[in-house]
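One structure below.
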Amino acid sequence: MKSIQFASVEEQYRKYEGELLPSEVQRLGDWCRSQPHLPPVSEQELILFLHSNYNDAEAARRTIEAYYSFRTSCKNLFSNRDLSLRSIQQAMDVLDLACLPELTPEGYRVLLVKIVDPDASKFSLSAILTFAFMCVDILLWEEGCNNGSLLIIDMDGIHLGHLPKLGIFTLKDLLYFIQECLPIRLKGLHLANVVPFIDRIMTMIRPFMKKELLGIFQLHTRMDTLFQQIPQRCLPAEYGGMAPPRKELRGVNMHEAYIVYPPEKISVQIESMIGFENKLILGTRQGHLLMYSFELNSETGKLDLQLLQYDKNFSKKPITQVDVLPEYKLLFSLTDGLLNVNDFGRHGFPLIHSAVKTKGATVFALDVQVSRSLTSDVAVVCRVVVAVKRKLQCYYWKQNQLLTLINDIDLNDVPRTVALNNTFICVGYKTEYVLFDINGDQPRKIDLFPTSSSKSIEPCITLIEDNVFAVVKDELLITICTEKYQQDEREGTNMSGSVKPPDLAANTAAALGDKRTMNLKALNWSEPFQSLVWDEPYAIGLINDALEVRVFDNDEDKGTLIQTIPQMQKARFLVRGKQGLLYAASVSHLWCIQAVDIAKQREHLLKEENFQLALKLTNISDENPEFKATKIHEIQTRHAYNLFVQKHFRESMREFAVLDTDPIEVIRLFPGLLPDNGKQNKLIGAGIISKPVPPLDEKEQEHAILALIDYLAEKRWGVQNELKKSGVGTGGVESAGSRNVAALLAIIDTTLLKCYLQTSDSMVASVLRMNHCYLEESERVLKKHDKYVELIILYQTKGQHKRALQLLQQQADVPGSPLYGHDRTVQYLQQLGTEHKQLVFEFAGWVLTKHPEDGLKIFIEDIPEVRNLPRAEVLDYLLKDHKALVVRYLEHVVNVWREEKALFHNILIQQYREKLLALKNDKELESDAEKKAELATLNEKLLRFLKTSKHCHAEKLLGEFPYTDLFEARAIILGRLAKHEKALAIFVQILGDYDKALAYCNDTYDEHEPLHSDVYVTLMKILLTPPTAPPYSDVQLHPRCLTPDHNMVLRILEEHASKINPYTALQILPDNIPLARIKHFLEMSLKYYLEKKHRAQVLKGLHYAEHLQIMEQKMHYESKHFLVSDLSVCAVCKKKFSNQSAFVRIPDGSIVHFSCQDRTC
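If you're matching positions, the sequence shown starts at 1 in the UniProt record's numbering and goes up one per residue.
Structure representation (structure tokens):
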């Protein structure tokens, strides 16, 4: 069955443009949503209701109310809409509903309905109407609106036996639905080939027909009257028309998995049968045994039945069961309640062994395990379980006899059927199923479930695959996975020694689905099957006079029913010979059932879009491995594409990922994501897919994009790992293959970028930082979406810094722009580093001009890229274009970054000097308090820096400072040059500030440095000797220095007596100074020098004592001796000392080589 292709909403609007208005549809939808009793109504359904009422909104509302109310109340017609139901299957066999392909000249669609099976016993009006309404729903969904519809009911095949089946109330409901609920424009209702008793039918239906329906209702006894209403070209060939025959137009086209050859009449009454390979063994009610083979007839292409052996005297009683062990040509048969083993490879089926202990047996089962060793030896193990009254006997075949495997197992009832697999025995009683595990010392019983919940049916057990039994329960096929019960072994047993079963659903293999390639869910059948065989991938069940072919784990929309094979009259037996070959039999007839060629099945299944089943068949085919692998990949690709078309986007992407499909072809499924969108998808070009991707609405587009994102993210990880392995980006040589991988990675990243732009803006930046997107394409889409921040990231990762900075500058003055302002430019420039210094200088200018405070952060931010900028070049740039910021830059460089180069120190001092002089020369200085404060601050900075800087060049600075100003700064520079006399002369003779002169001495004095030890004496000399001329021309002497200042000198002597040489001081002191004034100085000096002498004597004594101790220790160590002989070895390397060896004796007394001493602990 093909999946439903819903009509396009956009196409409906285009088709009825001007008549069908989206606004009216929207209003109708709003009304539906406001009605709590109505279910959600799709836009397509709204269009159908509105169009069928000729765009009358009020009439459309009445139709919607009637439609959904009717569907709710008439559950007998709308509740059981499962195609696998027996009632629906029978209705499909009885009713033929065809949608004729040709429209009438008016644009009307013609529907033809006919009863094709005249058997009144199969006629159910409610089931037929349920099926018909399902077909009409599909027609409306797929076609949408049309100008009108014509309904033809062909009454040929209807007879009086159908009349009692026409329920009056069901007919009333039908006519009400057609007239009040059905969203179509019904233009005509025609009854063709009317029956003689039409008057009776009209009597039943006329009261329920409105005059509008009666006006379009017509009866036709001949085709020529029908041709007057409906063009002959529209009708099928059987009606004298030109359209294809009705059978070709029928809506249901089931897959043909098997073909059935005509039955062979068997002259005996078949009681049992078993098939293997192309052979078949029959056991009869008369005790005869027949062995047939089916051979291919090269002329007819069919299988001919050939009798190989016939033994009339095999048994005197009916042969109730047979089974074979083909590997040893053994036939196991049950007759007269006894299990016998015969050789079917020899004429006459000679008896090999008779199991006497099995007397009274009713049923048995074989379990054959074939294993192959590493040496290719084949080992066959055959075990047998036999039900003897209320016991189970277990045997194994060895040396031409059945030997006891375990003790007999007692049962509660007589088994109707048994099956054996590995260590599990499945027993079917009349009323229930039980499982036995014979793996332990004692058999473990596991109660399963009843054979039926409501009626009595015969149990049936079949082995589906290893460890999986299949049983019948009502209309269900239940799978029993023995692995499940092995896992539950630790849960213990109940009081009766049996294990309580889990829930019925847990008995299915779904619990172990992760271990299997097939999901063994319970299968629904139309009725309980009598016999079941497993012919991978099909489960074939024998029901009343028919076979049903079903499949596990099929697509949900395809259903499990694959084929129904009718006309198996009175069939009782069904066995499998080999893969694709089945045998069925009644008491007197034999059918051979052969699988249709897998290639033919696959072709049909692919047309029907049943990809899972096509894949299973291809996997088990015996085709060429290379061809098979190609086909499997093609089917999986078609399946993945079909999932996408069906809008199962995540499932589709998962399939494409498993298939390792070229991501470019997957991306091409999404229009607009690749710039070469005009190129044809390779999947279409290769003929793998034929139909285009349907248009998606906004919500579907979002879901598809999200699925693509997950797919591409997974693919990207693999592609990136492949790129890393190739060595690209890590110094490896770039090859053509690695270039292709890099190009693919760029396409993936660019596509991810576009996807995130449509779904999740927050992820765009992360994709761009991966640095694999195509620049031009990414730039285009980012500009299209006005993603300027992300565009900056793209430029940055691609090294397009100039374009990024240009964009930042352009957007900085655009209000509302995410790049508005200068902060992002500052941050961007800070991160460029030395490699792009010219760009930094080029684009820092506008920021420094408009926002100098923030702009300076480009050069002083404490990050590695900024700190590593060439500071000399930055300084030169600022001096040239932004001189006002030089001081702040230099202060940061010197004070924060601790720059030691003299250049920066000197220029900073120079900048201080120039600013100070500029301020002093400013005429507004006296009246401007702010400038005065700035002057004081700047002067303080200069003096402090001159005192603290250890890296400036004092000689060079001295020549730059004026002689007539900035005297204190000049004095500090002179002090750095050890020209203390000149420096102190400035403080005393020009500035007249004796306190600063004294502070200068305090800062400069160093008793250990001859140049700085007499600085106080120098100051005393200047104070005691008035100058006759100033130190510099054009500079006036301070009045205070014109007379000697004895008091200041005496103050110096008192406060700094320990720092002044008494002898030198006494020589320069005037004679007229009283001795009493210098008494304190002399006492302090004498005390200082006496303490100094005493300290030196003590130190001398300590040094001498230390010397004596060391000498004593030396003598002690020298008194020790040791002997080094030819037998002495190194304590470290254990080698002897040679004559040329240098050795060392370590404190513990060991002797080691000189080279080994570092290795001692």
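Built from N, CA and C at the ideal position, the CB exists for glycine as well.
V896 has its alpha-carbon roughly 16 Å from the corresponding atom of E865. Secondary structure note for R888: its alpha helix (DSSP H) is the uninterrupted segment V886 to E891. Put simply, of C592, F670 and E714 the residue whose alpha carbon is nearest the alpha carbon of D697 is F670.
Per the C-alpha coordinates, the member of V380, Q321, H288 and E634 positioned closest to Y310 is H288. The beta carbon of V551 sits closer than 8 Å to those of P537, Y538, A539, T560, I562, L613 and K616, all from its chain and outside the five residues before and after it, given in chain order. DSSP places P236 in the strand class (E or B) of the three-state scheme. One thing to note: I858 has its Cβ within 8 Å of the Cβ of V847.
In this structure, the alpha-carbon of S452 lies about 47 Å from that of L150. Annotation for L974: K982 and A983 place their beta carbon closer than 6 Å to its own, counting only its chain and skipping 5 residues before and after. For T221, no beta strand (DSSP E) segment is defined, and its DSSP state is neither H nor E. No Cβ-Cβ contact shorter than 8 Å links L48 with L28.
T482 and D96 have their alpha carbons spaced roughly 45 Å apart.
The C-beta distance from I230 to T104 rounds to 6 Å, short enough to meet the 8 Å contact threshold.
Between the stretch 417 to 435 and the stretch 457 to 467, the count of C-beta pairs closer than 8 Å reaches three or more; the two stretches touch. In the DSSP assignment, F656 falls within the alpha helix (DSSP H) that extends over F649 to L659. Taking I863 as reference, the option from H836, A884, Q831 and G845 with the minimal CA-CA separation is Q831. Straight-line measurement puts the Cα of S949 at about 12 Å from the Cα of E891. For A419, no alpha helix (DSSP H) encloses it; the enclosing beta strand (DSSP E) starts and ends at T417 to N421. W525 sits away from Y261, with the two beta carbons spaced by 8 Å or more. Secondary structure at S454: coil, using DSSP grouped into helix, strand and coil. Segment contact: the stretch 79 to 90 against the stretch 199 to 210, fewer than three CB-CB distances shorter than 8 Å; contact not assigned. For Q321, no alpha helix (DSSP H) segment is defined; the enclosing uninterrupted segment is the beta strand (DSSP E) at I319 to L325. Looking at the DSSP output, M291 shares a beta bridge with I281 and Q309. Per DSSP, E432 lies in no alpha helix (DSSP H); the unbroken beta strand (DSSP E) holding it starts and ends at E432 to D437. Rounded to whole angstroms, the Cβ separation of A707 and F649 is 4 Å, and the two are in contact under 8 Å.
In the structure shown, N342 adopts extended strand secondary structure according to DSSP, grouped into three states. Runs of the alpha helix (DSSP H) lying entirely within the stretch 151 to 221 and spanning at least 4 residues, in chain order: 168 to 176, 198 to 205 and 211 to 216. Straight-line measurement puts the Cα of E65 at about 25 Å from the Cα of G215. Between Y1000 and A971, the C-beta spacing is below 8 Å. In the DSSP secondary-structure assignment, K1136 is bridged to V1129. Counting along the chain, T1018 sits inside the alpha helix (DSSP H) bounded by residues V1015 to L1024. Note: L392 is bridge-paired with A387 and I409 in the DSSP secondary-structure output. Partner residues in the beta bridge of M273, as assigned by DSSP, are L282.
For S315, the closest C-alpha among the options M209, I274, F469 and L282 is that of L282. Within a 10 Å sphere around the beta-carbon of R109 sit 16 or more other beta-carbons, which makes this residue buried. In this structure L808 is in contact with T825, their Cβ atoms being roughly 5 Å apart against a cut-off of 8 Å.
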